[in-house]
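Visitor: Quick one: this structure, given as structure tokens, is what I'll be asking you about.
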Amino acid sequence: MQKGTRIALILGAIPFITMVFALPLVNRIEPVILGLPFLLFWLLAWVVLTPFILMAAYFLEKKYNLPEKGEDK
Amino acid sequence: MNAALIIIFATIIFSALLGIYAGRRVKMNLENWTVGGRRFGIIIIWLLMAGEIYTTFTFLGASGWAYSKGAPTFYILVYGALAYTLSFFILPALWKVGKRHGLHTQPDFFIKRYDSRPLGILVALIGVFSIIPYLQLQLTGLGLIVEVASNQAVSSQWAIGISFVLTCAFVYTSGIRGTAWVSIIKDIMMIVAVLVVGIGVPMIYFGGFGKMFQTLIEQKPHYLVLPGATSHMGVLWVMSTLLLTGLGFYMWPHVFGSVFSAKSANIIKRNAVIMPFYQIPILFVFMVGFTALLVIPSLENGDMAFLELVNRTYPSWFMGFVGAAGAVTAMVPSSILVLFASTLLAKNVYKAGFNPRASEETVMRLSRFMVLVITTLALVMAIRFPNELVNLLIIGYDGVTQFFPGVVLGLFWKRATKGAVLSGIIVGIAVVVALIYTGHDPFLGMNAGFVGLAVNSIVTLAVCLSTKPKIMDKQGISDI
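First to last, the sequence lines map onto chains A and B.
The first sequence begins at 1014 in my numbering and counts up by one.
The second sequence begins at 1095 in my numbering and counts up by one.
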């Protein structure tokens, strides 16, 4: 496995860890943040962060992986 | 005729005409009809995927669950983001296989990768059986929306009948291009409706969503943490449902097939990056459900919360706009569901099962004919057996998610064999059916579909590992 793919996979694990496996720890109302109960705030925050995490994965993968034959840019 | 009615019908008819127009001057062969000639760029792919994923369920189901169940509804906000993350890693490889071998559908993939027509036929049949409740869900939703939005001037049967015949017309003529074009109207109307209502109603009744949540915390705090107002949808249920739906998302035959319509693997990857933004409006749908819980607490059917609240808050022309948005929001996913169910039956059941030498024209003609058959079938079911919205969708998910090990191992692991995948799918489905029909869903707190998937994965892996690896033949797929 190329280095870029490995980095991307590690980044890709973040949404699963935060939004699925961390659920037992965040199932609470307090503290209320930005007017949202904590559980909803936590999930929303990670949904909003996910595209940025994937963006980082995309660029890091490109940086560290060898360009594929015949791939468009 | 009132303003609401005019807006609804004008939108439905305009959408259908646009959909029919989308296919003009394109020679309709199977390649163009099902996968748009593999020429879609980033914007149209985004609209198409968003179009087929964001359904009436978003309007009615997500707000309905917030209203009747509370926090378990949060899974609807999250699972898409998980699915897109996963798709970043899986779909580009899938697209390449599809391009190389000219695949159109999900069973095509199974037939090619595992060199097994029976496996392909099984996958096609499970796909069609899962699509039908999904389709029915769209139709039932559409009927509800138009009936309420038109203030009972149009009965739900008529609304379903008219819009579905029009949907059928643009699928028949334009295929996936029709879906993609109508998605543009749908996405814009839907987002406007959700934002206006989602920001509007907490503001109007409470002066802002912060104050609305404050009131909810004072009056019904248990709605805001798991298991909400339910007894069985606790943390474990949500975790297992998130994994089930996140993994199963791209296993839907229509979503899977749409991947092939992209211009390149890179487009698919970039699309995965921007897709999660599309989840954010669901937050506003929750706001509507929660506001309704405080303002109109005694509705019999939670799925009506969104519409009832709009009805009591906004002028009737806006209700018409919401009704129109809701109608196209049902039409777009319905069109792609019908398109792929038809292709599965014609190409992967009829051709693969009964007549391997059928020409492409025959398959194409039969696919179009199946559009009419499936439309009729779904119409009858939607009118005769309306059901609670979300439950149906979860049953469909239980079925299609069982393809996950076969797809992922098929793409990335040379040792995956047809025997293993076949036994995995059969055992997985058997577990799901047994659990649901003996009343064991949830099982030990977990979603039955997830339990099925877990057993399926174990069986698939175990059979693969116990089969002696054989050298792949030259045209094997796994040399990607």
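Note that the Cβ used here is the ideal one computed from N, Cα and C, for glycine as well.
(1) Can you pull the chain A neighbours of Phe1307 of chain B, defined as C-beta to C-beta under 8 Å?
(2) Quick one: residues in its chain with C-beta nearer than 8 Å to the C-beta of Ile1205 of chain B, no 5 flanking neighbours on either side, listed in chain order?
(3) If we count Cβ pairs, one from each stretch, closer than 8 Å, do we get three or more for the region 1391 to 1400 of chain B versus the region 1246 to 1260 of chain B?
(4) Report buried or exposed for Asn1449 of chain B, applying the criterion of at least 16 other Cβ atoms within 10 angstroms of its Cβ.
(5) So with CB distances below 8 Å, who are the chain A contacts of Ile1175 of chain B?
(6) Mind checking if Pro1201 of chain B is an interface residue toward chain A, Cβ cutoff 9 Å exclusive?
(7) If we call anything under 9 Å between Cβ atoms a contact, is Gly1351 of chain B one with His1198 of chain B?
(8) Could you list which residues in chain B have their beta carbon closer than 9 Å to that of Arg1019 of chain A, in chain order?
(9) Which residue marks the beginning of the alpha helix (DSSP H) containing Trp1331 of chain B, and which one marks its end?
(10) Asp1209 of chain B: which of B:Leu1099, B:Val1515, B:Val1474 sits nearest, CA to CA?
(11) Name the residue from B:Val1288, B:Val1259, B:Leu1466, B:Gly1164 whose alpha carbon lies nearest to the alpha carbon of Leu1053 of chain A.
(12) Closest to Ile1489 of chain B by C-alpha separation, out of B:Ile1530, B:Leu1388, B:Ala1104, B:Leu1111, would be which residue?
(13) Measuring CB to CB, does Ala1287 of chain B end up less than 9 Å from Gly1420 of chain B?
(14) So is Gln1015 of chain A buried or exposed if we call it buried at 16+ other beta carbons inside 10 Å?
(15) In terms of residue numbering, what span does the alpha helix (DSSP H) encompassing Gly1294 of chain B cover?
(16) Is Ala1510 of chain B helix, strand or coil when you go by DSSP?
(17) Need the endpoints of the alpha helix (DSSP H) that Gly1417 of chain B sits in, please.
(18) For a quick check, are the C-beta atoms of Pro1370 of chain B and Thr1152 of chain B less than 9 Å apart?
(19) What does the Cβ neighbour count give for Leu1483 of chain B, buried or exposed, with the cut at 16 atoms within 10 Å?
(20) Which whole-angstrom value is the C-beta distance of Ile1336 of chain B and Val1172 of chain B, which I expect to be below 8 Å?
(21) Taking Cβ positions, are Tyr1408 of chain B and Gly1294 of chain B nearer each other than 9 Å?
(22) Using CA coordinates, which residue listed in B:Cys1558, B:Gly1192, B:Tyr1148, B:Ile1220 is at the minimum distance from Gln1232 of chain B?
(23) Under 9 Å between C-beta atoms, does Pro1080 of chain A make it to chain B?
(24) What do you reckon, are the CB atoms on Leu1387 of chain B and Ala1156 of chain B nearer than 9 Å?
(25) Any beta-carbon of chain B closer than 9 Å to the one on Tyr1071 of chain A?
(26) Taking the continuous alpha helix (DSSP H) assigned at His1195 of chain B, which residues delimit it?
(27) For Leu1049 of chain A, write down the residues that DSSP places opposite it in a beta bridge.
(28) Pop quiz: Trp1275 of chain B and Gly1113 of chain B are said to be a contact at Cβ under 8 Å. What is the actual Cβ separation, rounded to whole angstroms?
(29) Return the CA-CA distance between Ile1311 of chain B and Ile1279 of chain B, expressed in angstroms with no decimal places.
(30) Would DSSP call Ala1104 of chain B helix, strand or coil?
(31) Taking Ile1023 of chain A as the query, report the chain B residues whose CB atoms sit under 9 Å from its CB, ordered along the chain.
(32) How many angstroms separate the CA atom of Leu1559 of chain B from the CA atom of Gly1513 of chain B?
(33) Output, in chain order, the set of chain B residues within a Cβ distance shorter than 7 Å of Met1068 of chain A.
(34) Compute the Euclidean distance between the alpha carbons of Gln1230 of chain B and Pro1064 of chain A, then round it to the nearest angstrom.
(35) Going by the CB atoms, is the gap between Thr1234 of chain B and Glu1146 of chain B shorter than 9 Å?
(36) Under 7 Å Cβ-Cβ, which residues of chain A neighbour Lys1363 of chain B?
Guide: The answer reads as follows:
(1) Within chain A, the C-beta atoms nearer than 8 Å to that of Phe1307 of chain B come from Val1045, Gly1048, Leu1049, Pro1050, in chain order.
(2) Arg1211, Leu1213, Gly1214, Asn1442, Ala1446
(3) In short, these stretches do not touch, since the Cβ pair count stays below three.
(4) exposed
(5) According to the sequence shown, residue 1175 of chain B is Ala rather than Ile. Near Ala1175 of chain B (Cβ distances below 8 Å), the residues of chain A are Pro1028, Met1032, Trp1059, Val1060, Thr1063.
(6) no
(7) yes
(8) Under the 9 Å cutoff, chain B gives no residues; its nearest Cβ is about 12 Å from Arg1019 of chain A.
(9) 1329 to 1342
(10) B:Val1515
(11) B:Gly1164
(12) Selected option, being the one with the closest Cα: B:Ile1530.
(13) yes
(14) exposed
(15) 1270 to 1300
(16) Looking at Ala1510 of chain B - three-state DSSP - the assignment turns out to be coil, as it is neither helix nor strand.
(17) 1410 to 1437
(18) no
(19) Bear in mind that the predicted position of Leu1483 of chain B carries a pLDDT of just 49, short of 50, making it unreliable; the figure below should be weighed with that in mind. Its Cβ being crowded by 16 or more others within 10 Å, Leu1483 of chain B is buried.
(20) Checking the sequence shown, residue 1336 of chain B turns out to be Leu, not Ile. At roughly 6 Å, the Cβ-Cβ gap stays under 8 Å, so Leu1336 of chain B and Val1172 of chain B are in contact.
(21) yes
(22) Looking only at B:Cys1558, B:Gly1192, B:Tyr1148, B:Ile1220, the smallest Cα-Cα distance to Gln1232 of chain B is reached by B:Tyr1148.
(23) no
(24) no
(25) yes
(26) 1168 to 1195
(27) A:Ile1046
(28) Between Trp1275 of chain B and Gly1113 of chain B the beta-carbon gap is near 6 Å, inside 8 Å, which marks them as a contact.
(29) 38 Å
(30) helix
(31) Those do not exist, as Ile1023 of chain A stays about 12 Å from chain B at its closest Cβ, beyond 9 Å.
(32) 12 Å
(33) Val1367
(34) 32 Å
(35) no
(36) Tyr1071
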